[in-house]
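Undergrad: Submitted below is the structure of interest, expressed as structure tokens.
Number of protein chains: 2
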Amino acid sequence: MRQQRMLIPTLRDVPGDAEVASHKLMLRAGLIRQLSSGIYSYLPLGLKALQHIQTIVREEMDAAGAQEMLMPALHPSELWKASGRWDVYGPELMRLEDRHGREFALGATHEEVITTIVKDEIQSYKKLPVTLYQIQTKYRDERRPRFGLLRGREFLMKDAYSFDRSQSGLDESYESMYNAYDRIFTRCGLNFRAVEADSGAIGGTDTHEFMALADIGEDTIVHCPSCHYAANLEKAVGQLPAASASSKQSDLNAKPQKVHTPQVSSIKQLSEFLQISPEQIIKSIAIEVNGTPVIVLLRGDCEINEIKLKNVLGGSEFTMLSEAGIHKLGSVAGFIGPLGLPNIKIIADTSIIGMQNAVIGANEADYHLTHVHVERDLVDLTYDDLRNVTEGEHCLTCGHELSFAKGIEVGHVFKLGTKYSRSLGASFSDENGAAEPIIMGCYGIGVSRVLAAIIEQNYDERGIIWPDSVTPFDVHLLTVHVQDEIQLKLSTEIYKTLTAAGYSVLWDDREERPGVKFNDADLLGFPLRITVGKKAVEHIVECKERRSGDQYELTTEQIAAHCQTFFQTGGRSSHE
Amino acid sequence: MRQQRMLIPTLRDVPGDAEVASHKLMLRAGLIRQLSSGIYSYLPLGLKALQHIQTIVREEMDAAGAQEMLMPALHPSELWKASGRWDVYGPELMRLEDRHGREFALGATHEEVITTIVKDEIQSYKKLPVTLYQIQTKYRDERRPRFGLLRGREFLMKDAYSFDRSQSGLDESYESMYNAYDRIFTRCGLNFRAVEADSGAIGGTDTHEFMALADIGEDTIVHCPSCHYAANLEKAVGQLPAASASSKQSDLNAKPQKVHTPQVSSIKQLSEFLQISPEQIIKSIAIEVNGTPVIVLLRGDCEINEIKLKNVLGGSEFTMLSEAGIHKLGSVAGFIGPLGLPNIKIIADTSIIGMQNAVIGANEADYHLTHVHVERDLVDLTYDDLRNVTEGEHCLTCGHELSFAKGIEVGHVFKLGTKYSRSLGASFSDENGAAEPIIMGCYGIGVSRVLAAIIEQNYDERGIIWPDSVTPFDVHLLTVHVQDEIQLKLSTEIYKTLTAAGYSVLWDDREERPGVKFNDADLLGFPLRITVGKKAVEHIVECKERRSGDQYELTTEQIAAHCQTFFQTGGRSSHE
Chain X
1 MRQQRMLIPT
11 LRDVPGDAEV
21 ASHKLMLRAG
31 LIRQLSSGIY
41 SYLPLGLKAL
51 QHIQTIVREE
61 MDAAGAQEML
71 MPALHPSELW
81 KASGRWDVYG
91 PELMRLEDRH
101 GREFALGATH
111 EEVITTIVKD
121 EIQSYKKLPV
131 TLYQIQTKYR
141 DERRPRFGLL
151 RGREFLMKDA
161 YSFDRSQSGL
171 DESYESMYNA
181 YDRIFTRCGL
191 NFRAVEADSG
201 AIGGTDTHEF
211 MALADIGEDT
221 IVHCPSCHYA
231 ANLEKAVGQL
241 PAASASSKQS
251 DLNAKPQKVH
261 TPQVSSIKQL
271 SEFLQISPEQ
281 IIKSIAIEVN
291 GTPVIVLLRG
301 DCEINEIKLK
311 NVLGGSEFTM
321 LSEAGIHKLG
331 SVAGFIGPLG
341 LPNIKIIADT
351 SIIGMQNAVI
361 GANEADYHLT
371 HVHVERDLVD
381 LTYDDLRNVT
391 EGEHCLTCGH
401 ELSFAKGIEV
411 GHVFKLGTKY
421 SRSLGASFSD
431 ENGAAEPIIM
441 GCYGIGVSRV
451 LAAIIEQNYD
461 ERGIIWPDSV
471 TPFDVHLLTV
481 HVQDEIQLKL
491 STEIYKTLTA
501 AGYSVLWDDR
511 EERPGVKFND
521 ADLLGFPLRI
531 TVGKKAVEHI
541 VECKERRSGD
551 QYELTTEQIA
561 AHCQTFFQTG
571 GRSSHE
Chain D
577 MRQQRMLIPT
587 LRDVPGDAEV
597 ASHKLMLRAG
607 LIRQLSSGIY
617 SYLPLGLKAL
627 QHIQTIVREE
637 MDAAGAQEML
647 MPALHPSELW
657 KASGRWDVYG
667 PELMRLEDRH
677 GREFALGATH
687 EEVITTIVKD
697 EIQSYKKLPV
707 TLYQIQTKYR
717 DERRPRFGLL
727 RGREFLMKDA
737 YSFDRSQSGL
747 DESYESMYNA
757 YDRIFTRCGL
767 NFRAVEADSG
777 AIGGTDTHEF
787 MALADIGEDT
797 IVHCPSCHYA
807 ANLEKAVGQL
817 PAASASSKQS
827 DLNAKPQKVH
837 TPQVSSIKQL
847 SEFLQISPEQ
857 IIKSIAIEVN
867 GTPVIVLLRG
877 DCEINEIKLK
887 NVLGGSEFTM
897 LSEAGIHKLG
907 SVAGFIGPLG
917 LPNIKIIADT
927 SIIGMQNAVI
937 GANEADYHLT
947 HVHVERDLVD
957 LTYDDLRNVT
967 EGEHCLTCGH
977 ELSFAKGIEV
987 GHVFKLGTKY
997 SRSLGASFSD
1007 ENGAAEPIIM
1017 GCYGIGVSRV
1027 LAAIIEQNYD
1037 ERGIIWPDSV
1047 TPFDVHLLTV
1057 HVQDEIQLKL
1067 STEIYKTLTA
1077 AGYSVLWDDR
1087 EERPGVKFND
1097 ADLLGFPLRI
1107 TVGKKAVEHI
1117 VECKERRSGD
1127 QYELTTEQIA
1137 AHCQTFFQTG
1147 GRSSHE
């Protein structure tokens, strides 16, 4: 393509509202333009990269035996009411009425639609298993759209749904998708990890998120540098280091002792007042679950993980207990403790197991109890994992210290089970003619988010550095002076040769200053730049590799062979 | 692909609500399923055909120098208000509010969005011309969705927009798109005509519709079998045959004469009462335009063409004049005539030029005037083409009798001019730095409608007959008895050979009765069916061409060469 007539509106300045690198670069390189908050147009270069990602996704989904289809964005409200999500989904689900006043949702996801289709078309075990997918536009009215394509309101997604007869069938379908995702993100050139995630209380069992590692990621990943363990913070588990040495052996036989701690109600205040570490304190958090108060215990330096807690509570929502509620228990806010509160449910995080000489609230204003020995004083406790893993904890699998990273969720695989097949009535008859609900899995890739994540991992101060597999063009051919007939003639020859050899070439044939062209080439960031300048008379061009920055001269005869080597060793997969 | 596990839910019975062949067949062959009125899912086979059409469209658009991009479906209402279409578009434009109460339209078309992008990104004549296109989902809340994909509410469209500096530039861009459309529809295997269409009163000049000929088409096409003339009925012009012989020469000198025609107010009644043909009568139609009455004259056997009339009125809407309004003119409904009404504008269709001995209303209840000679009695008339062409008229270009046909509009090219660039402020600076509005064209193809139109033209009583260029699969490989090891082994070999040779093959490996398989194969309608049956032991298969119905035996060695010949001579273009 000749750049002169292509719509590639590069910007020298960073747009004011763009916060993260990928957003800034996609605007500056003319890949996208915002139409409204969280809603973007893909300009020609941006669409090319997006289409290359789509091709990779299609190839791997097809190779995994999934069948592509395409569902509408307009969903009749009846389907979402049948699944119960019309009310649950909240304002993120965009809704409208047609000319007859019938309600529709703009599809945020397609479980309802696909389950309805499968319900109508698949009745027998003979037609199972089947995995169906689509690459389609989704709508979610995010409260706070931001970071360009990373959190948009209209975005491109690949969503797949598997339908099986048995749990083991689902396990196979799930593994097949998991492996396909692994190949997809690898081919896209992403640095990513598949992490265990929380499957929530609803039906599902296994679920993994595929996280592209990036400092601006909104998710925290906990992973072990030694073994394969990786999970998001919601789900991650670890082993706290042995309690600190401040447990004084001499106090082991002391009984709990009430100490006056005037106006000292936070962990920080208490550790300063008593000159102990927070690890010596047991936090007591009073919550209310379906109208019933519950006390949650964890070590003073730990933070509660609300999702783990919710799961332990059987999926029930909870709120903090009010001061009045605490008073009614016979305690005082800021001074709650697990001793001396009759008839209240107490659940404890594993972090307090075996604590000695610990400090707890005395259920009396301005007082705490010291010298508490958990195993002696807090009998019959139920222990669960209720805390966020913190830096310094060790891997439960191999014992190595865990690492923390930030990630962008680019994919998600989920064992749905029978939630939708039951609510929408999708069942199959087995060999004996008995009706069973179909067992489902769902698998999403944020296709447009992948594009942003790739850029977030591949740039420098001069611009984007595209991986070979998704670059909009392979080669940027740059003619320094298009008025120079020798340069123009040589450029034309090179353009024809490379195009005929199957490379996609953007030819900068613009009448611009060389500096502008070089800057734009770095900003656009295609893997290889070939510059036709003064040495065109000698049939010599300059070659620059965007990623390594290496620059060298080639004769025109060498170019084709060089490209072949360069793109092969770059691990480039074929795309149109 | 193995059919056993593919979602191809064929139906034996014709679904009740499907009226036209393409709709019935797309349901029966498992290509689509309805989700809601005018809203469809594409199942795997339907999507494959749709994607082949998309590939053809892309290839030809790219070859014509158009650049692909992708715009959102959610359009902020401000843009549509700026163009004036928020109010004009009516209930066909689907609208919604986001969580903050901001109004959006679901894009029915993208002039507003693309013009805004070009306004922001193109300021100089140096960047022009440019043609941009997308293949994207459109939303139009049709009052009466019907005929399956032919008139849907959510559908796939290719829309392109050209931006030029000058009218001659627009002419070139238009011609380039026109020619691309010609190639696209030819490659899709459609029997179509490009017809002149009405461009409306707004700015535009030229416009052509691409019509797939089909009896169920909702548009009427007038075309000349002798020369290239073709237009839709809105726009078509013709030459009426010479007035019938009932003009009596002996009456040529007679003056207009008032005759009593009691309660005779329609053309039919009048021609019966006076025993003359309708061709002898001049119809007078009283309308009201912006509050002013106007009389329209045309020959009794002709029908008014409201679009032509509106254009002649400068684009103004008109209504029929009320009885009260007619009375106020000094006339009576049913007896209006052009003589004796002072101070009223009269416009005449060319059909009355030179009429003699004509009959007109006398502007008096129960009376008409006979012996009216148009050129003598109705002086200072303005003549325009205001009527629908009727069967029997002759071509204005070559004189041959015109033919009529029904068509499905599959494409539309339109010279927009500056309507949107002016209302949205998209201008460029020319060589002298002067700002000029960009001159636009727009070009649409109903991609999903093309799919339906192809089937509407290619089927028989047994099922679909796919053109080679868009067929979901090239070859249907059918194993009569999959339990037979010899048949299974030979089928596997053939499947591998053909797939390796680049053909897409659907392999019917289902355990079904042979009759079911043969019926499904005819219904699905891929170009070539290869049946592996009893003669598998002799390495002989049966080959059936879906279109011709020809059946013959081949040895396995002959298959590859036969496919090569078959698909080459079938004019098959390459697709993945």
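Chains as they are written, first to last, in the numbering used here: chain X, 1 to 576; chain D, 577 to 1152. C-beta: ideal position from N, C-alpha, C; glycine also.
#1: By the three-class DSSP mapping on this structure, what secondary structure does I920 of chain D have?
#2: Please classify V88 of chain X as buried or exposed, where buried requires at least 16 other C-beta atoms within 10 Å of its C-beta.
#3: What residues from chain X crowd round V1113 of chain D, counting only those whose CB sits closer than 8 angstroms?
#4: Quick one: complete alpha helix (DSSP H) runs, 4+ long, within the region 73 to 118 of chain X?
#5: Helix, strand or coil, according to DSSP, for N866 of chain D in the structure here?
#6: Given a limit of 9 angstroms on CB to CB distance, which residues of the region 119 to 138 of chain X reach chain D?
#7: Please go through the same chain and pick out, in chain order, the residues whose beta-carbon is closer than 6 angstroms to the beta-carbon of R807 of chain D, but skip the five residues on each side of it.
#8: Distance check for L1066 of chain D and E1133 of chain D, CA to CA, integer angstroms please.
#9: Using three-state DSSP, classify S775 of chain D as helix, strand or coil.
#10: If you follow the beta strand (DSSP E) that Y731 of chain D is part of, which residue opens it and which one closes it?
#11: When we look at the beta-carbon of Y1128 of chain D and count the other beta-carbons within 10 Å, is it buried (16 or more) or exposed?
#12: Excluding the five sequence neighbours on either side, which residues of its own chain have a C-beta within less than 8 angstroms of the C-beta of D366 of chain X, listed in chain order?
#13: Quick one: what's H1052 of chain D bridged to in DSSP?
#14: Check whether chain X comes within 7 angstroms of A821 of chain D, counting only Cβ atoms and requiring the distance to be less than that.
#15: Pick helix, strand or coil for D430 of chain X, following the three-state DSSP scheme.
#16: Given a threshold of 16 other Cβ atoms within 10 Å of its Cβ, counted over all protein chains shown, does P241 of chain X qualify as buried or as exposed?
#17: Inspect the beta-carbon positions of G325 of chain X and S284 of chain X and report whether they are closer than 7 angstroms.
#18: Go through the region 917 to 999 of chain D residue by residue and report every complete run of the beta strand (DSSP E) that reaches 3 residues or more, in order.
#19: Output the distance between the C-alpha atoms of R763 of chain D and R581 of chain D, rounded to the nearest integer angstrom.
#20: Thinking just about the alpha-carbon of each residue, which of D:C878, D:H599, D:I1031, D:Q643 is nearest to the one in Y616 of chain D?
#21: So I883 of chain D is in the alpha helix (DSSP H); what residue range does that whole segment cover?
#22: L113 of chain X versus chain D: which residues are under 8 angstroms apart at the beta carbon?
#23: Do you know offhand how far G330 of chain X's Cα is from L339 of chain X's?
#24: Report yes if the CB atom of G814 of chain D is closer than 7 angstroms to the CB atom of V590 of chain D, and no otherwise.
#25: Using CA coordinates, which residue listed in X:K138, X:E19, X:E175, X:P76 is at the minimum distance from P648 of chain D?
#26: Buried or exposed for Q710 of chain D, please, with buried defined as at least 16 other CB atoms from any protein chain shown within 10 angstroms of its CB.
#27: Which residues in chain X have a C-beta closer than 7 angstroms to the C-beta of E644 of chain D? List them in chain order.
#28: So G1020 of chain D is in the beta strand (DSSP E); what residue range does that whole segment cover?
#29: Thinking just about the alpha-carbon of each residue, which of X:L381, X:I438, X:D349 is nearest to the one in F163 of chain X?
#30: Cβ atoms of P1103 of chain D and R1086 of chain D: under 7 angstroms apart, would you say?
#31: Cutting at 7 angstroms between CB atoms, please list the residues of its own chain near Q457 of chain X, excluding the five before and the five after it.
#32: Quick check on the burial criterion: 16 or more other C-beta atoms within 10 angstroms. Buried or exposed for E785 of chain D?
#33: Closer than 9 angstroms between beta carbons: that is the criterion. Which residues of the region 1064 to 1092 of chain D meet it against chain X?
#34: From Q610 of chain D to L7 of chain X, what does the alpha carbon distance come to, in whole angstroms?
#35: Determine whether the Cβ of M157 of chain X lies closer than 7 angstroms to any Cβ atom of chain D.
#36: Nearest CA to the CA of L945 of chain D: which residue from D:I863, D:K886, D:Q833, D:L954?
TA: Reading off the structure:
#1: Translated into the one-based positions of the second sequence, residue 920 of chain D becomes position 344. Here I920 of chain D sits in coil by DSSP.
#2: Residue numbering aside, residue 88 of chain X sits at position 88 when the first sequence is read from its first letter. It is exposed - the Cβ of V88 of chain X has fewer than 16 other Cβ atoms within 10 Å.
#3: In the second sequence, residue 1113 of chain D corresponds to position 537, counting from 1. Result: empty, since nearest Cβ-Cβ is about 28 angstroms, beyond 8 angstroms.
#4: 77 to 83, 85 to 88
#5: Position 290 of the second sequence, counting from 1, holds the residue named residue 866 of chain D. If DSSP states are grouped into helix, strand and coil, N866 of chain D belongs with coil.
#6: D120, E121, I122, K126, K127, L128, P129, V130, L132, Q134, Q136, T137
#7: Counting from 1 along the second sequence, the entry for residue 807 of chain D is found at position 231. Residue identity check: residue 807 of chain D is Ala in the sequence provided, not Arg. Correct list, in chain order: V771, E772, V798.
#8: By one-based count along the second sequence, residue 1133 of chain D stands at place 557. By one-based count along the second sequence, residue 1066 of chain D stands at place 490. The straight-line gap from Cα to Cα measures roughly 11 angstroms.
#9: As a position in the second sequence, residue 775 of chain D is number 199, starting the count at 1. Looking at S775 of chain D - three-state DSSP - the assignment turns out to be coil, as it is neither helix nor strand.
#10: As a first step, residue 731 of chain D must be located in the second sequence, where it is residue number 155. Checking the sequence shown, residue 731 of chain D turns out to be Phe, not Tyr. Its beta strand (DSSP E) spans residues 730 to 740.
#11: Mapped onto the second sequence, residue 1128 of chain D falls at position 552. Exposed is the call here.
#12: Taking the first sequence and counting its residues from 1, the one referred to as residue 366 of chain X is at position 366. If we look at D366 of chain X and ignore the five residues flanking it on each side, its Cβ neighbours are H260, T261, P262, Q263, V264, F335.
#13: As a working note, residue 1052 of chain D is residue 476 in the second sequence. Answer is D:L1082, D:R1105.
#14: Reading the second sequence from its first residue, position 245 is the one you call residue 821 of chain D. For A821 of chain D, the pLDDT reaches just 44, beneath the cut-off of 50, and the residue's location in the model is therefore unreliable, leaving the point undetermined.
#15: Within the first sequence, residue 430 of chain X is the residue found at index 430, counting from 1. Three-state DSSP puts D430 of chain X in coil, outside helix and strand.
#16: Position 241 of the first sequence, counted from the first residue, corresponds to residue 241 of chain X. Exposed.
#17: What you label residue 325 of chain X is simply residue 325 of the first sequence in a count that begins at 1. What you label residue 284 of chain X is simply residue 284 of the first sequence in a count that begins at 1. Contact flag unset, no.
#18: 921 to 925, 934 to 940, 943 to 948, 958 to 960, 979 to 993
#19: Walking along the second sequence from the start, residue 763 of chain D turns up at place 187. Walking along the second sequence from the start, residue 581 of chain D turns up at place 5. Cα-Cα distance, rounded: 31 angstroms.
#20: Locating residue 616 of chain D in the second sequence gives position 40, where the first residue counts as 1. The option with the nearest alpha carbon to Y616 of chain D is D:H599.
#21: Position 307 of the second sequence holds residue 883 of chain D. Element bounds for I883 of chain D: 882 to 888.
#22: Here residue 113 of chain X corresponds to residue number 113 of the first sequence, with the count starting at 1. Contrary to the premise, residue 113 of chain X reads as Val rather than Leu in this sequence. Result: L611, S617.
#23: Numbered from its first residue, the first sequence carries residue 330 of chain X at position 330. Numbered from its first residue, the first sequence carries residue 339 of chain X at position 339. Each residue's Cα considered, the two are about 11 angstroms apart.
#24: The residue you call residue 814 of chain D lines up with position 238 of the second sequence. The residue you call residue 590 of chain D lines up with position 14 of the second sequence. Not a contact, by the Cβ cut-off of 7 angstroms.
#25: Taking the second sequence and counting its residues from 1, one reaches residue 648 of chain D at position 72. When each option's Cα is compared against that of P648 of chain D, the closest is X:K138.
#26: The sequence position of residue 710 of chain D within the second sequence is 134, counting from 1. Classification of Q710 of chain D: buried, given that the 10 Å Cβ count is 16 or more.
#27: Position 68 of the second sequence, counted from the first residue, corresponds to residue 644 of chain D. Ordered by position in chain X, the residues that pass the 7 angstroms Cβ test against E644 of chain D are P44, L47.
#28: Position 444 of the second sequence, counted from the start, is the residue given in the question as residue 1020 of chain D. Start and end: 1015 to 1022.
#29: Taking the first residue of the first sequence as position 1, residue 163 of chain X is located at position 163. Answer by Cα proximity: X:I438.
#30: Here residue 1086 of chain D is taken as the residue at index 510 of the second sequence, counted from 1. Here residue 1103 of chain D is taken as the residue at index 527 of the second sequence, counted from 1. No. Outside cutoff.
#31: Numbered from its first residue, the first sequence carries residue 457 of chain X at position 457. Closer than 7 angstroms at Cβ, skipping near neighbours: L190, N191, A212, A214.
#32: Position 209 of the second sequence, counting from 1, holds the residue named residue 785 of chain D. Buried.
#33: R1086, E1087
#34: Residue mapping note: residue 610 of chain D aligns to position 34 of the second sequence, counting from 1. Residue mapping note: residue 7 of chain X aligns to position 7 of the first sequence, counting from 1. Straight-line Cα distance between these residues: approximately 38 angstroms.
#35: Position 157 of the first sequence, counting from 1, holds the residue named residue 157 of chain X. No, M157 of chain X does not count as interfacial toward chain D.
#36: Here the question's residue 945 of chain D lines up with position 369 in the second sequence. The shortest Cα separation from L945 of chain D among D:I863, D:K886, D:Q833, D:L954 belongs to D:Q833.
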